[in-house]
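Chemist: Numbering (our numbering), first residue to last: 10 to 312.
Glycine is no exception: its CB is placed at the ideal position from the N, C-alpha and C atoms.
Here it is, the structure in full.
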(Lines of atoms letter the chains of each structure in order from A and count residues from 1; the text may use other names and numbers.)
(Lines give C-alpha, C1' and ligand atoms only; values in the text may rest on other atoms or scores of the structure.)
Protein backbone atom coordinates (compact mmCIF):
# COMPACT_ATOMS: atom_id res chain seq x y z
CA UNK A 1 0.00 0.00 0.00
CA UNK A 2 2.85 2.37 0.78
CA UNK A 3 6.49 2.46 1.84
CA UNK A 4 8.63 5.30 3.15
CA UNK A 5 12.32 5.78 3.85
CA UNK A 6 14.21 8.08 6.20
CA UNK A 7 17.85 8.65 7.02
CA UNK A 8 21.11 10.36 6.20
CA UNK A 9 24.63 9.51 5.09
CA UNK A 10 25.43 6.90 7.76
CA UNK A 11 23.73 3.98 9.55
CA UNK A 12 20.13 4.69 10.58
CA UNK A 13 17.67 2.29 12.20
CA UNK A 14 13.96 1.84 12.85
CA UNK A 15 13.65 -0.15 16.08
CA UNK A 16 9.99 -0.14 17.12
CA UNK A 17 6.48 0.66 15.94
CA UNK A 18 2.96 1.08 17.32
CA UNK A 19 -0.44 2.25 16.07
CA UNK A 20 -3.06 4.48 17.68
CA UNK A 21 -6.85 4.30 17.73
CA UNK A 22 -7.08 6.28 14.46
CA UNK A 23 -4.78 3.95 12.53
CA UNK A 24 -1.78 6.27 12.60
CA UNK A 25 1.64 4.63 12.92
CA UNK A 26 4.41 5.84 15.23
CA UNK A 27 7.99 4.74 14.64
CA UNK A 28 11.00 4.78 16.98
CA UNK A 29 14.60 4.65 15.85
CA UNK A 30 17.90 6.47 15.59
CA UNK A 31 19.88 8.58 13.14
CA UNK A 32 23.68 8.74 13.01
CA UNK A 33 24.04 12.51 12.81
CA UNK A 34 21.22 14.29 10.98
CA UNK A 35 18.84 12.71 8.49
CA UNK A 36 15.87 13.49 6.29
CA UNK A 37 12.36 12.24 6.93
CA UNK A 38 9.42 13.38 4.81
CA UNK A 39 11.53 16.18 3.33
CA UNK A 40 12.43 17.51 6.79
CA UNK A 41 15.98 17.37 8.18
CA UNK A 42 16.16 16.48 11.86
CA UNK A 43 18.81 15.25 14.28
CA UNK A 44 22.18 16.60 15.33
CA UNK A 45 25.24 16.59 13.08
CA UNK A 46 27.31 15.22 15.97
CA UNK A 47 26.45 12.04 17.83
CA UNK A 48 23.42 9.79 17.36
CA UNK A 49 19.83 11.02 17.77
CA UNK A 50 16.76 9.22 19.06
CA UNK A 51 13.97 9.53 16.47
CA UNK A 52 10.17 9.47 16.80
CA UNK A 53 7.87 9.92 13.79
CA UNK A 54 4.13 9.68 13.20
CA UNK A 55 2.50 8.70 9.90
CA UNK A 56 -1.13 8.82 8.80
CA UNK A 57 -2.90 5.63 7.63
CA UNK A 58 -2.10 6.73 4.05
CA UNK A 59 1.62 7.04 4.79
CA UNK A 60 1.82 10.81 5.04
CA UNK A 61 4.31 12.11 7.59
CA UNK A 62 2.41 14.01 10.29
CA UNK A 63 5.45 15.00 12.33
CA UNK A 64 8.95 13.88 13.31
CA UNK A 65 11.00 14.58 16.41
CA UNK A 66 14.65 14.00 17.30
CA UNK A 67 16.64 14.29 20.50
CA UNK A 68 19.09 17.17 20.65
CA UNK A 69 22.61 17.44 21.99
CA UNK A 70 25.91 15.81 21.13
CA UNK A 71 25.38 12.48 22.88
CA UNK A 72 24.73 8.98 21.65
CA UNK A 73 20.99 8.34 21.88
CA UNK A 74 18.50 5.84 20.50
CA UNK A 75 14.75 5.34 20.46
CA UNK A 76 14.46 1.58 20.98
CA UNK A 77 10.70 1.09 21.25
CA UNK A 78 7.39 2.91 21.39
CA UNK A 79 3.78 2.43 22.49
CA UNK A 80 0.53 4.40 22.53
CA UNK A 81 -1.24 4.82 25.86
CA UNK A 82 -4.80 3.43 25.56
CA UNK A 83 -6.01 5.60 28.43
CA UNK A 84 -4.49 8.98 27.51
CA UNK A 85 -3.57 8.66 23.82
CA UNK A 86 -0.03 9.81 24.62
CA UNK A 87 2.99 8.27 22.92
CA UNK A 88 5.73 6.74 25.07
CA UNK A 89 9.25 6.41 23.66
CA UNK A 90 11.97 4.40 25.41
CA UNK A 91 15.64 3.84 24.72
CA UNK A 92 18.99 5.06 25.98
CA UNK A 93 20.86 8.34 26.20
CA UNK A 94 24.48 9.27 26.84
CA UNK A 95 26.18 12.64 26.95
CA UNK A 96 24.42 16.00 26.64
CA UNK A 97 20.81 15.35 25.55
CA UNK A 98 17.54 17.24 25.19
CA UNK A 99 14.02 16.47 24.02
CA UNK A 100 12.34 19.66 22.86
CA UNK A 101 12.78 22.19 25.64
CA UNK A 102 13.55 19.52 28.23
CA UNK A 103 17.28 19.23 28.90
CA UNK A 104 18.67 16.23 30.74
CA UNK A 105 21.63 16.28 33.07
CA UNK A 106 24.71 15.07 31.25
CA UNK A 107 24.82 11.26 31.36
CA UNK A 108 28.38 10.01 31.75
CA UNK A 109 27.30 6.47 30.88
CA UNK A 110 24.52 5.06 28.71
CA UNK A 111 21.26 5.30 30.71
CA UNK A 112 17.70 4.02 30.14
CA UNK A 113 15.00 6.64 29.53
CA UNK A 114 11.29 6.99 28.84
CA UNK A 115 9.77 10.09 27.21
CA UNK A 116 6.11 10.97 26.74
CA UNK A 117 4.72 12.99 23.81
CA UNK A 118 1.17 14.09 23.12
CA UNK A 119 -0.56 13.18 19.86
CA UNK A 120 0.75 16.32 18.15
CA UNK A 121 4.38 15.48 18.97
CA UNK A 122 4.92 17.87 21.88
CA UNK A 123 7.12 16.37 24.58
CA UNK A 124 5.42 16.32 27.99
CA UNK A 125 8.08 14.76 30.20
CA UNK A 126 11.28 12.71 30.11
CA UNK A 127 12.57 10.45 32.86
CA UNK A 128 15.81 8.57 33.39
CA UNK A 129 15.73 5.37 35.38
CA UNK A 130 17.15 6.77 38.60
CA UNK A 131 20.24 5.57 40.40
CA UNK A 132 23.74 4.97 39.14
CA UNK A 133 23.03 2.43 36.44
CA UNK A 134 24.40 1.96 32.95
CA UNK A 135 22.02 0.31 30.53
CA UNK A 136 19.16 0.68 28.11
CA UNK A 137 15.39 0.32 27.90
CA UNK A 138 14.27 -2.19 25.28
CA UNK A 139 10.49 -2.23 25.66
CA UNK A 140 7.63 0.01 26.77
CA UNK A 141 3.94 -0.69 27.35
CA UNK A 142 0.94 1.04 28.91
CA UNK A 143 -2.06 -0.64 30.53
CA UNK A 144 -5.75 0.26 30.48
CA UNK A 145 -5.32 2.52 33.52
CA UNK A 146 -2.53 4.49 31.81
CA UNK A 147 0.36 3.12 33.87
CA UNK A 148 3.62 2.79 31.91
CA UNK A 149 6.04 -0.14 32.08
CA UNK A 150 9.65 -0.44 30.93
CA UNK A 151 11.85 -3.45 30.25
CA UNK A 152 15.57 -3.44 29.72
CA UNK A 153 18.96 -4.30 31.11
CA UNK A 154 21.70 -2.57 33.01
CA UNK A 155 24.48 -2.66 35.56
CA UNK A 156 24.76 -0.76 38.83
CA UNK A 157 22.07 0.70 41.08
CA UNK A 158 18.47 1.18 39.92
CA UNK A 159 16.09 3.52 41.74
CA UNK A 160 12.37 4.24 41.21
CA UNK A 161 9.84 5.30 43.82
CA UNK A 162 10.82 3.68 47.13
CA UNK A 163 12.68 0.83 45.41
CA UNK A 164 16.45 0.65 45.07
CA UNK A 165 18.13 -2.47 43.72
CA UNK A 166 21.67 -3.30 42.64
CA UNK A 167 22.68 -5.66 39.85
CA UNK A 168 23.96 -9.02 41.07
CA UNK A 169 26.70 -9.72 38.56
CA UNK A 170 27.17 -8.35 35.09
CA UNK A 171 24.15 -6.87 33.27
CA UNK A 172 20.80 -7.67 34.95
CA UNK A 173 17.34 -7.35 33.42
CA UNK A 174 14.80 -4.95 34.88
CA UNK A 175 11.15 -3.96 34.87
CA UNK A 176 10.03 -0.51 36.01
CA UNK A 177 6.77 1.43 36.21
CA UNK A 178 5.81 5.10 35.89
CA UNK A 179 2.49 6.89 36.26
CA UNK A 180 0.96 8.65 33.26
CA UNK A 181 2.31 11.93 34.68
CA UNK A 182 5.86 10.56 34.89
CA UNK A 183 6.09 9.64 38.57
CA UNK A 184 8.50 6.76 39.17
CA UNK A 185 6.57 4.00 40.95
CA UNK A 186 8.81 0.93 41.27
CA UNK A 187 11.68 -1.00 39.76
CA UNK A 188 12.77 -4.62 40.06
CA UNK A 189 15.95 -6.20 38.75
CA UNK A 190 16.74 -9.83 38.04
CA UNK A 191 19.66 -12.01 37.11
CA UNK A 192 22.61 -13.93 38.41
CA UNK A 193 26.37 -13.91 37.99
CA UNK A 194 26.22 -13.72 34.18
CA UNK A 195 24.71 -11.38 31.59
CA UNK A 196 20.89 -11.34 31.67
CA UNK A 197 18.53 -9.54 29.30
CA UNK A 198 15.09 -7.97 29.53
CA UNK A 199 14.01 -7.80 25.90
CA UNK A 200 10.26 -7.19 25.73
CA UNK A 201 7.26 -6.14 27.78
CA UNK A 202 3.49 -6.12 27.25
CA UNK A 203 0.54 -4.77 29.22
CA UNK A 204 -1.95 -7.24 30.70
CA UNK A 205 -5.77 -7.12 30.48
CA UNK A 206 -7.03 -5.43 33.64
CA UNK A 207 -3.65 -3.90 34.44
CA UNK A 208 -0.09 -4.96 35.05
CA UNK A 209 2.52 -6.25 32.64
CA UNK A 210 4.43 -9.29 31.43
CA UNK A 211 8.19 -9.26 30.87
CA UNK A 212 10.31 -11.56 28.71
CA UNK A 213 14.01 -12.04 28.02
CA UNK A 214 16.75 -14.49 28.93
CA UNK A 215 18.90 -15.50 31.89
CA UNK A 216 22.24 -17.24 32.31
CA UNK A 217 22.76 -19.60 35.25
CA UNK A 218 20.74 -19.54 38.45
CA UNK A 219 19.00 -16.20 38.85
CA UNK A 220 16.41 -14.36 40.88
CA UNK A 221 13.97 -11.52 40.30
CA UNK A 222 12.71 -9.34 43.15
CA UNK A 223 13.60 -12.12 45.58
CA UNK A 224 11.88 -14.81 43.50
CA UNK A 225 14.24 -17.66 42.44
CA UNK A 226 14.55 -18.47 38.74
CA UNK A 227 15.97 -21.98 38.34
CA UNK A 228 18.11 -22.42 35.24
CA UNK A 229 17.34 -25.28 32.84
CA UNK A 230 20.19 -25.02 30.34
CA UNK A 231 23.01 -22.81 29.11
CA UNK A 232 20.69 -19.81 28.68
CA UNK A 233 16.94 -19.81 29.26
CA UNK A 234 13.91 -17.78 28.24
CA UNK A 235 11.87 -16.11 30.98
CA UNK A 236 8.27 -14.92 31.25
CA UNK A 237 7.33 -12.91 34.35
CA UNK A 238 3.88 -11.49 35.00
CA UNK A 239 3.65 -8.47 37.33
CA UNK A 240 0.75 -6.76 39.04
CA UNK A 241 0.38 -2.96 38.71
CA UNK A 242 2.09 -2.47 42.09
CA UNK A 243 5.11 -4.50 40.97
CA UNK A 244 4.32 -7.68 42.87
CA UNK A 245 5.08 -10.89 41.00
CA UNK A 246 2.01 -12.79 39.84
CA UNK A 247 3.86 -15.63 38.08
CA UNK A 248 7.42 -16.33 36.92
CA UNK A 249 8.49 -19.06 34.50
CA UNK A 250 11.78 -20.29 33.06
CA UNK A 251 11.40 -21.94 29.66
CA UNK A 252 13.62 -23.82 27.24
CA UNK A 253 15.95 -26.77 26.87
CA UNK A 254 19.52 -27.72 27.75
CA UNK A 255 21.18 -25.29 25.34
CA UNK A 256 20.55 -21.65 24.41
CA UNK A 257 17.02 -20.20 24.49
CA UNK A 258 16.00 -16.56 24.45
CA UNK A 259 12.70 -14.72 24.08
CA UNK A 260 12.78 -11.40 22.21
CA UNK A 261 9.13 -10.34 22.04
CA UNK A 262 5.90 -10.73 23.96
CA UNK A 263 2.26 -9.77 23.46
CA UNK A 264 -0.85 -10.25 25.56
CA UNK A 265 -4.18 -11.63 24.33
CA UNK A 266 -7.54 -10.53 25.73
CA UNK A 267 -8.10 -13.91 27.41
CA UNK A 268 -4.98 -13.36 29.53
CA UNK A 269 -2.66 -15.72 27.69
CA UNK A 270 0.69 -14.58 26.33
CA UNK A 271 2.50 -15.17 23.04
CA UNK A 272 6.30 -15.03 22.95
CA UNK A 273 8.80 -15.30 20.10
CA UNK A 274 12.52 -15.91 20.15
CA UNK A 275 15.28 -18.33 19.21
CA UNK A 276 16.60 -21.69 20.39
CA UNK A 277 19.50 -24.04 19.68
CA UNK A 278 19.28 -27.81 19.18
CA UNK A 279 16.12 -28.74 21.14
CA UNK A 280 13.77 -26.88 23.42
CA UNK A 281 10.58 -27.80 25.26
CA UNK A 282 7.43 -25.79 25.98
CA UNK A 283 4.98 -27.81 28.04
CA UNK A 284 4.44 -31.08 26.18
CA UNK A 285 5.90 -29.78 22.91
CA UNK A 286 9.55 -30.37 21.98
CA UNK A 287 11.07 -28.42 19.08
CA UNK A 288 14.25 -29.36 17.19
CA UNK A 289 16.38 -27.08 15.03
CA UNK A 290 16.68 -27.83 11.32
CA UNK A 291 20.45 -27.18 11.22
CA UNK A 292 23.46 -26.34 13.37
CA UNK A 293 22.45 -22.77 14.18
CA UNK A 294 19.51 -21.19 15.97
CA UNK A 295 15.90 -21.58 14.86
CA UNK A 296 12.91 -19.35 15.60
CA UNK A 297 10.20 -20.32 18.06
CA UNK A 298 6.77 -18.90 18.76
CA UNK A 299 4.84 -20.13 21.78
CA UNK A 300 1.54 -19.39 23.49
CA UNK A 301 1.80 -19.67 27.26
CA UNK A 302 -0.30 -19.17 30.35
CA UNK A 303 1.06 -16.51 32.71
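Could you check what DSSP says for residue 293 in three-state terms: helix, strand or coil?
Modeler: Of the three classes helix, strand and coil, the one that applies to residue 293 here is coil, per DSSP.
Chemist: Cβ of residue 243 within 8 Å of Cβ of residue 227?
Modeler: No, these two residues do not count as a Cβ contact at 8 Å.
Chemist: State whether the stretch 84–102 contacts the stretch 50–68, with contact taken as three or more CB pairs (one from each stretch) at a distance under 8 Å.
Modeler: Touching, yes.
Chemist: With contact counted as at least three CB pairs below 8 Å, one residue from each stretch, are the stretch 44–54 and the stretch 23–32 in contact?
Modeler: Flag = no, the stretch 44–54 and the stretch 23–32 do not touch.
Chemist: How big is the Cα-Cα spacing for residue 179 and residue 200?
Modeler: Spanning the two alpha carbons is a distance of roughly 9 Å.
Chemist: Report the start-end ranges of each beta strand (DSSP E) in the stretch 74–124 that is 3 residues or longer and not cut off at the edges.
Modeler: Counting only runs of 3 or more, we get 83–89, 96–104, 106–108.
Chemist: Is the stretch 146–153 touching the stretch 191–198, taking contact as three or more C-beta pairs under 8 Å?
Modeler: Taking 8 Å as the limit for Cβ pairs, the verdict is that the stretch 191–198 does not touch the stretch 146–153.
Chemist: For the putative contact between residue 214 and residue 163, defined by C-beta atoms under 8 Å, what is the C-beta separation to the nearest angstrom?
Modeler: That pair is no contact at about 29 Å.
Chemist: Would you decide whether residue 20 is buried or exposed? Buried here means 16 or more other CB atoms lie within 10 Å of its CB.
Modeler: The residue is exposed, with fewer than 16 neighbouring Cβ atoms inside 10 Å.
Chemist: Going by DSSP, what residue range makes up the beta strand (DSSP E) through residue 286?
Modeler: First-last of the beta strand (DSSP E) with residue 286: 279–286.
Chemist: Let's test the definition: count the other Cβ atoms within 10 Å of the Cβ of residue 127 and tell me whether it reaches 16, buried, or not, exposed.
Modeler: Residue 127 is exposed by the Cβ-count criterion.
Chemist: Buried or exposed: which applies to residue 289, given that a residue is buried once 16 or more other Cβ atoms fall within 10 Å of its Cβ?
Modeler: Buried.
Chemist: Residue 303 lies in the beta strand (DSSP E); which residues open and close that run?
Modeler: Taken as a continuous stretch (DSSP letters only), the beta strand (DSSP E) holding residue 303 covers 303–310.
Chemist: If residue 102 and residue 80 are in contact, beta carbons under 8 Å, what's the gap, nearest whole angstrom?
Modeler: That pair is a contact at about 6 Å.
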